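Q: Using our numbering, the final residue of the sequence shown is 786, and nothing's skipped along the way.
Sending over a structure as structure tokens; questions will come in a sec.
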Amino acid sequence: MKKCLKNEKGFTLIEMMIVLLVITVLLFIAIPNVAKQSQNINAKGCDAFAHMVQGQVQAYRIDNKKSPDSIETMVTDGYLREDETKCPGGGDITIDAEGEVLVSET
């Protein structure tokens, strides 16, 4: 009987390990960059949120002919919701005596 040799092709263990090593290196490079971008996004989101609150302060000034005393006044009078007293990134929103919106870092 004659033995037929099959031409079996596939990946060797070494080739698979090299591919896994390359994927691991790429992940080690990508993960810190994603975390850094997340912090950057939170900071920009907080700036945009502060501008929105500043717009509401101006609307309060137009309606009441004076600046609001505090952020709680804005909530009480319906210019802001209760959940709009903090930035998405966690900073507290306050209003100074001149009616300027300030963001405190937490």
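In this text, a Cβ means the ideal position worked out from N, Cα and C, and glycines have one as well.
Given the structure is predicted, the values throughout are model-derived calculations rather than measurements.
In its own chain, which residues sit with a C-beta less than 8 Å from the C-beta of Cys726, not counting the 5 before and 5 after it?
A: Sequence-distant partners of Cys726 (beyond 5 residues in either direction) whose C-beta falls short of 8 Å from its own C-beta, in its chain, are Cys767, Pro768, Gly769, Gly771 and Val783.
Q: Suppose you measure from the CA of Thr765 to the CA of Glu778; what does that come to, to the nearest Å?
A: One C-alpha to the other measures close to 18 Å.
Q: Mapping DSSP to helix, strand and coil, what is Lys745?
A: coil
Q: Closer than 6 Å by C-beta to Thr753: which residues in its own chain qualify, once you throw out the five before and the five after it? Chain order, please.
A: none
Q: With DSSP as the reference, label Thr774 as helix, strand or coil.
A: strand
Q: Could you give the distance in angstroms between the alpha-carbon of Arg741 and the alpha-carbon of Asn722?
A: Cα-Cα distance, rounded: 29 Å.
Q: So, is Pro748 buried or exposed, given that buried needs 16 or more other C-beta atoms within 10 angstroms?
A: Buried, because 16 or more other Cβ atoms sit within 10 Å of the Cβ of Pro748.
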